[in-house]
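Right, one structure below, let's go through it.
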Amino acid sequence: MAELTYRDAVARGIAQEMERDNDVVFLGEDIGKAGGVFKATVGLYEKFGPLRVRDTPISEQAILGAAMGAAMTGLKPIAEIMFSDFFAVCFDYIANEFPKSRYMTNGQVKCPLVVRTGNGAGSRFGAQHSQSIENWAMMIPGLKVVAPSTPLDVIGLMAAAVRDPDPVIFFEHKSLYATKGEVPDGEIVDTLGTAKIVRPGKDATILALALMVPRALEAAERLKAEHGIDVEVIDLRSLVPLDTQTVLASVARTHRLFTVEENPRLCGWGAELVSIVADEAFYDLDGPPVRITTPHIPLPAADILEDLALPNAERIADRVRRSLEG
Amino acid sequence: MAELTYRDAVARGIAQEMERDNDVVFLGEDIGKAGGVFKATVGLYEKFGPLRVRDTPISEQAILGAAMGAAMTGLKPIAEIMFSDFFAVCFDYIANEFPKSRYMTNGQVKCPLVVRTGNGAGSRFGAQHSQSIENWAMMIPGLKVVAPSTPLDVIGLMAAAVRDPDPVIFFEHKSLYATKGEVPDGEIVDTLGTAKIVRPGKDATILALALMVPRALEAAERLKAEHGIDVEVIDLRSLVPLDTQTVLASVARTHRLFTVEENPRLCGWGAELVSIVADEAFYDLDGPPVRITTPHIPLPAADILEDLALPNAERIADRVRRSLEG
Amino acid sequence: MARKPAAMDDAAQRNSPNDDIGEALRLKLYRMQVELREAEQRAFDLFLQNLVKGTSHLSLGQEAIAAGFGVAMKPGDLSFCTYRGHAHTLARGVPVEKVLGELMQRDNGLMRGKGGSMHLTSVEHGVMGSYAIIGAHLPIACGAAWRAQYKGDKDVSVCFFGDGTTNIGAFHEALNFAVVWKLPVVFVCENNLYMEYTPIGDVTAVEHPAADRASAYGLPRIVIDGNDADEVYRAAMKAFEIARAGNGPSLIECMTYRHSGHSRADPAKYRPEGELEKWKERDPIKIYRERLKQFGVGDDVIEKINAEVMQVVNDATEACKAAPMPSLDILTTDVYADGGWAWRN
Amino acid sequence: MARKPAAMDDAAQRNSPNDDIGEALRLKLYRMQVELREAEQRAFDLFLQNLVKGTSHLSLGQEAIAAGFGVAMKPGDLSFCTYRGHAHTLARGVPVEKVLGELMQRDNGLMRGKGGSMHLTSVEHGVMGSYAIIGAHLPIACGAAWRAQYKGDKDVSVCFFGDGTTNIGAFHEALNFAVVWKLPVVFVCENNLYMEYTPIGDVTAVEHPAADRASAYGLPRIVIDGNDADEVYRAAMKAFEIARAGNGPSLIECMTYRHSGHSRADPAKYRPEGELEKWKERDPIKIYRERLKQFGVGDDVIEKINAEVMQVVNDATEACKAAPMPSLDILTTDVYADGGWAWRN
Ligand SMILES: Cc1ncc(C[n+]2csc(CCOP(=O)(O)OP(=O)(O)O)c2C)c(N)n1
Ligand SMILES: Cc1ncc(C[n+]2csc(CCOP(=O)(O)OP(=O)(O)O)c2C)c(N)n1
Ligand SMILES: [Mg+2]
Ligand SMILES: [Mg+2]
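In the order they appear, the protein sequences are chains A, B, C and D. Under the numbering used here, read the first sequence as residues 36 to 361, first letter to last. Under the numbering used here, read the second sequence as residues 36 to 361, first letter to last. Under the numbering used here, read the third sequence as residues 151 to 495, first letter to last. Under the numbering used here, read the fourth sequence as residues 151 to 495, first letter to last.
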């Protein structure tokens, strides 16, 4: 057992898999000698050498294309796209190549790779380096999509992602890199498609992801302390596969649903979850399902503005309380 | 008054605006001398000449980047991206540049342009040339998003899009190009953000877009004729701005909501609409809101498979009937 | 500058004992070209009969490139093709029936109709896919070559694309990447003078869209006659040798011309008068038939090959006509590796 | 080959009556470089005081490029910058206060804190934006130049970017596009030898990442000393002349070096020993101060300029410290042209 940062958990998760399997290779910009711009891959170059940890040019299409070609023919690449916003310069691989090759070829072509990327706001980087874009991946059939909120989940889900035979998009949250958590020694392997009830409760269900998980938990504590409202908080962890059973079972107990999304509102994962619950658990609901999201705007750079944009514990608690009381 | 194809309506809509305003320019691959691969821009090159109708290399990033630079500095470009699937090779402009420049610069930079593109299935082109990707645009704050279903709407919404001071993504449906409709003579200008009740009804509300509009209408006729069920069909026409008033008012009358989407399920516009209605009109609903979508799969090429994938009148009618009866 | 092996400069020398191609290979190159021609001609006929559905992009007139490379490639070498990939797929030994079956959306097709004509793939033959988004497969081919380099495998990845593809960003990223990593990949540009309908010269800053960019990646400038299968074969062998020796990628521009329209929807009215006719005189099969004759191959041998090929294509056609449509339940198979499409529990 | 005006080959000649720069311009170039240096040095100090927030990317050591181009540009000419755009923004006459205010996220900033250091924009000064996605602004600059061409305007669009940017697809698309359309755009590559932390030579197929690609677009190969403001100015003037005459784009590679890390997060440990020191000897401001002396400019004049610049930067700093934070209601303004953010009724 050791206390580890989310940042160090990334390196440990990758190292665990690279040690296990020689076919796991890692490529990206500044990931090797420099240890990554978020210092999340420090030590891997030294440990696994320049043939397995490869610095690339600023060529995101080449990075993802090369990962795919390698995956198709026998390697298990992990590719870094430095900021998730840069998915936009290599989106063809994310949207049209990785996820469709198996289907189009009637199962002939496989694409077992992981794209890991720094996602989310909080660093005051402005509109092109702060986005939360899980829905860009979730909306594409054929991908798997993961977004851990703790160091332990980073390692376990990274292992699950690397071992998965399908393309997995792995969203690391930039504002979580410095957070810490207890992590057991030895190999850690988790399972994709499993949500976690991180706080049981009976009055309402809150679904959250990544940075929104600690904020939802804080909101839950406030609601309990200040209003005696006992909410259940679920960390979705994986958007595809999606653990709807855990969600539906929770709503069947609590009868109220809230989603807390960092992504700007339109077509976010919250909409998908709300529409599943509204359709399949309509008669379980005692009131309207509510989405708490970043407003549908580009993100501002200034700290006071950025802080205002993202859902925080206060806003979440307030919205839940108003909804349950109203 | 003349009968016009949807295809010819595109050319007429563009011509109307190019005649009105010399600053309207048009660029894309094979759009000029060849009249476009869907023959939707025939005659424009001859009419407006090579300086206003410009054939480009296969450089989607250059096409959209150039459109943006021109829009920022005084022109009103219309850019064609041949198939909407190719948004993936120029997505940075769609997601990070057009929609964020005004906000990031505190209003200094404007970006009045139109990206028109062939969207949707039905041509047996397979997974990389058949997608319905309205949600790729809808999810991005700062864009406007239009998808007409009739020749008349093509002209009117094209005019509205070209005159709009913001970036507009204009989805033309490939399977509608050959359809016909009556179109009055003279200038036609419509309004973005206005949905149309294309069939009034009292038992349920169906929201549809583009190719799904005629299919929803056909389903409505079947439901009426075969089951006496009287559904209201709304053609959303514009996803951003979104005419939620028309939708909410309809649901307040019919008490049931169905969405019919061509896009694969996850994070589609149907999810957004369902979540708006579930939140804001929860107590108006007499039963679960239901999404009818293409399954969350890449699209197959074979005609019998492609036909099976997309919602059609029979599937829509069946789903509505089962839901209302159940 | 077109790279011409010095020994090949005149027909007389071709009959010399120094002949580097040899009769067996020569007959193979001929047969291959005829097969590509007849199979695609058949695809066109079947389209006219409404039996080929969806779109299709023929390589009629460009067969020497697919044949020259196909014959030069060893088992294990990998092909990365475009939507215009019928010929390249067949050139790796994929049965005509499998290709026509896919075009006809039958259950016997390479992908049982799920991919369609633009995505022909036969992994068992080393055809790692046909890609329909311009430029996408150049980086992918780099990745396959990276695997070979990493694993110490000796196969080469060969990536075919058109002149128009040289103007998209992925071309540039792939070329730089391949050179920096010294990957065993061969980039083959089939310059047929047009993108879809627009002449490549109208939209390109240099005369030779691939070769004139080679120096931007530290590569030699190579332009060859893409209608001469022997020349293609030689260029391929040389590039493969470089790749297998660990000396990195090559970029080869093959000059050619497509006889048909861009796709089945295109009557190709944009051609200047006489252009097609001029190129038909340089039809690769015509050229090669003359070559065979120069080397003393008799008409009977040629006709026998033609007849055998025709038989193959006829048999394939019948098999496809008789083949069932795919079963509807494959609509949702093979989205994920577990065989299904479940995105939720 | 580096393009060096013949007349400039040795210092002696620079003092000749043929001096093409002239004293007024020379003092302007000096003052500009000092202003860029001091303003960015101040930004760094303010960062250490926790008053500059978010990220920031300094051009310390690269000032001659921004100054040379900034001084050569006419009002109406347009600048397209990167996240490393403070210097280029200031070089168009944008007040230091406006830039520091943005870095400090104050209400007096260029964009009132909404954009941040990576997106400095001042349309009224022709600074059409700073772009933080590598390569994105090269095509955008083409578009602005297209407008000039279409409207018959005589302005030039100048697009600045780094060596690392030459390996991304948009670079290639923009260069080809600009040449084919003969657009009045000047592409300026600031080769500071590194992308973020990786040496450009490790990831690039050619020695000069921009200039060695020029021929791929039919452009001449231009490499200049980016630490010599005069040389930059001359190259700029020549390119502008070509652009304004309707003769299309130029691509200029300027050799330089950044003295600081890539961004405020970077201690730049990846530099080989002695590299920074070597380049500091070629500090553009040092070079230029010597140049002034060669041309007989007295220390008093130089010190006066330095003092004046320092005063400007000090005043700007005080103004920024006194400026309020932006009001919270701008969070949702200016998403759309109507001033608001409403995506629904
Ligand atoms: C990114 C992208 N843009 C545009 C297209 C549409 N398109 C298909 S083929 C083609 C022309 C390609 O020309 P070339 O590379 O010369 O190949 P050829 O068809 O001549 O074999 C175009 C523009 C596409 N498939 N992908
Ligand atoms: C598409 C994209 N990929 C990666 C990055 C991250 N990034 C920011 S600056 C930079 C290095 C750029 O190097 P160069 O072009 O040489 O410019 P310099 O920073 O040296 O001025 C990188 C990789 C980015 N912003 N955009
Ligand atoms: Mg071509
Ligand atoms: Mg650099």
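For each residue, glycine too, the CB sits at the ideal point set by N, CA and C.
{"Query": "Given 6 Å as the limit, tell me if M460/C has its C-beta closer than that to any heavy atom belonging to ligand 1.", "Result": "no"}
{"Query": "What does P200/B reach in chain D if we use C-beta pairs closer than 7 Å?", "Result": "A487"}
{"Query": "For C292/C, name the three-state secondary structure that DSSP assigns.", "Result": "helix"}
{"Query": "Report yes or no: do the stretch 341 to 358 of chain C and the stretch 376 to 392 of chain D share at least 3 C-beta pairs separated by less than 8 Å?", "Result": "no"}
{"Query": "Ligand 4 heavy atoms versus the CB of G312/D: any closer than 6 Å?", "Result": "yes"}
{"Query": "With respect to the beta strand (DSSP E) encompassing F61/B, which residues constitute its N-terminal and C-terminal limits?", "Result": "V59 to G63"}
{"Query": "Judging by CA-CA distance, which residue of Q212/D, D479/D and Q191/D is the nearest neighbour of E340/D?", "Result": "Q212/D"}
{"Query": "May I have the straight-line CA-CA distance separating V60/B from P112/B, to the nearest angstrom?", "Result": "5 Å"}
{"Query": "List the residues of chain A that T232/C touches, going by C-beta distances under 8 Å, in chain order.", "Result": "Per Cβ cutoff of 8 Å: no residues; T232/C is ~13 Å from chain A at best."}
{"Query": "In the DSSP assignment, what residue or residues form a beta bridge with D270/B?", "Result": "K231/B and A243/B"}
{"Query": "Counting only beta-carbon separations shorter than 7 Å, does K147/D have a partner in chain B?", "Result": "Residue 147/D is absent from the model: chain D starts at 151 and stops at 495."}
{"Query": "Can you list the residues of chain D that D278/B reaches, using a CB-CB cut of under 8 Å?", "Result": "R494 and N495"}
{"Query": "Provide the residue(s) that pair with R151/B in DSSP beta bridges, ordered along the chain.", "Result": "E115/B and F205/B"}
{"Query": "With a 10 Å radius around its C-beta and 16 neighbouring C-beta atoms as the bar for buried, classify A466/D as buried or exposed.", "Result": "buried"}
{"Query": "Output the distance between the C-alpha atoms of A469/D and P245/D, rounded to the nearest integer angstrom.", "Result": "12 Å"}
{"Query": "By how many angstroms is the C-alpha of V202/D removed from the C-alpha of M254/D?", "Result": "4 Å"}
{"Query": "Compare the C-beta of K209/A against all C-beta atoms of chain B and say whether one is closer than 7 Å.", "Result": "no"}
{"Query": "Measure the beta-carbon distance from T108/B to A294/D and round it to whole angstroms, keeping in mind my assumption that it falls under 8 Å.", "Result": "5 Å"}
{"Query": "Can you name, in chain order, every residue of its own chain whose Cβ lies under 7 Å from the Cβ of V249/C, other than the five neighbours on each side?", "Result": "A189, H236, T239, L240, L260 and L270"}
{"Query": "Give, in chain order, every residue of the stretch 154 to 184 of chain B whose Cβ lies closer than 9 Å to some Cβ of chain C.", "Result": "S158, R159, F160, G161, A162, Q163 and H164"}
{"Query": "Taking only the alpha-carbon atoms, compute the straight-line gap between P183/A and G157/A and give it to the nearest angstrom.", "Result": "17 Å"}
{"Query": "Report the CB separation of V184/D from N456/D in whole angstroms; it is logged as a contact under 8 Å.", "Result": "6 Å"}
{"Query": "Go through its chain and collect everything with a Cβ distance to A348/A's Cβ below 7 Å, but skip five positions before and after it.", "Result": "R250, E253, A254 and R257"}
{"Query": "Rounding to the nearest angstrom, what Cα-Cα distance links M151/D and V373/D in this structure?", "Result": "The predicted position of M151/D is uncertain, since its pLDDT is 37 and thus under 50; no value can be drawn from it."}
{"Query": "Could you tell me the distance, in whole angstroms, from the CA atom of R477/C to the CA atom of K471/C?", "Result": "Inspection of the sequence shows that residue 477/C is occupied by Ser rather than by Arg. Computed Cα separation, rounded: 16 Å."}
{"Query": "Relative to the alpha-carbon of S209/D, which residue among Y344/D, S400/D, K301/D and W491/D has its alpha-carbon at the smallest distance?", "Result": "Y344/D"}
{"Query": "Throw me the rounded Cβ distance for the M36/A and E222/A pair, which I believe falls under 8 Å.", "Result": "That belief does not hold up - the Cβ atoms of M36/A and E222/A are roughly 14 Å apart, past 8 Å."}
{"Query": "Using a threshold of 7 Å, state whether the C-beta atoms of A389/D and P200/B are closer than that.", "Result": "no"}
{"Query": "Helix, strand or coil, according to DSSP, for E357/D in the structure here?", "Result": "coil"}
{"Query": "Using a threshold of 6 Å, is the CB atom of Y347/C nearer than that to any non-hydrogen atom of ligand 3?", "Result": "no"}
{"Query": "Just the chain D side, please: which residues come within less than 9 Å of L39/B by C-beta, in chain order?", "Result": "Per Cβ cutoff of 9 Å: no residues; L39/B is ~30 Å from chain D at best."}
{"Query": "For M158/C, collect the residues of the same chain with a Cβ closer than 6 Å to its Cβ; drop the 5 residues on either side in sequence, then sort them by chain order.", "Result": "With a pLDDT of 43 at M158/C, under the threshold of 50, the modelled position of this residue cannot be trusted, and the question is left open."}
{"Query": "Exposed or buried, what is N57/B when buried is set at 16 or more other beta-carbons lying within 10 Å of its beta-carbon?", "Result": "exposed"}
{"Query": "Under 6 Å: does the beta carbon of N342/C sit that close to some heavy atom of ligand 1?", "Result": "yes"}
{"Query": "Below 8 Å on the Cβ atoms is my guess for C302/B versus G303/A; work out the distance and round it to an integer in Å.", "Result": "7 Å"}
{"Query": "Residue range of the beta strand (DSSP E) that T329/B falls in?", "Result": "V325 to T329"}
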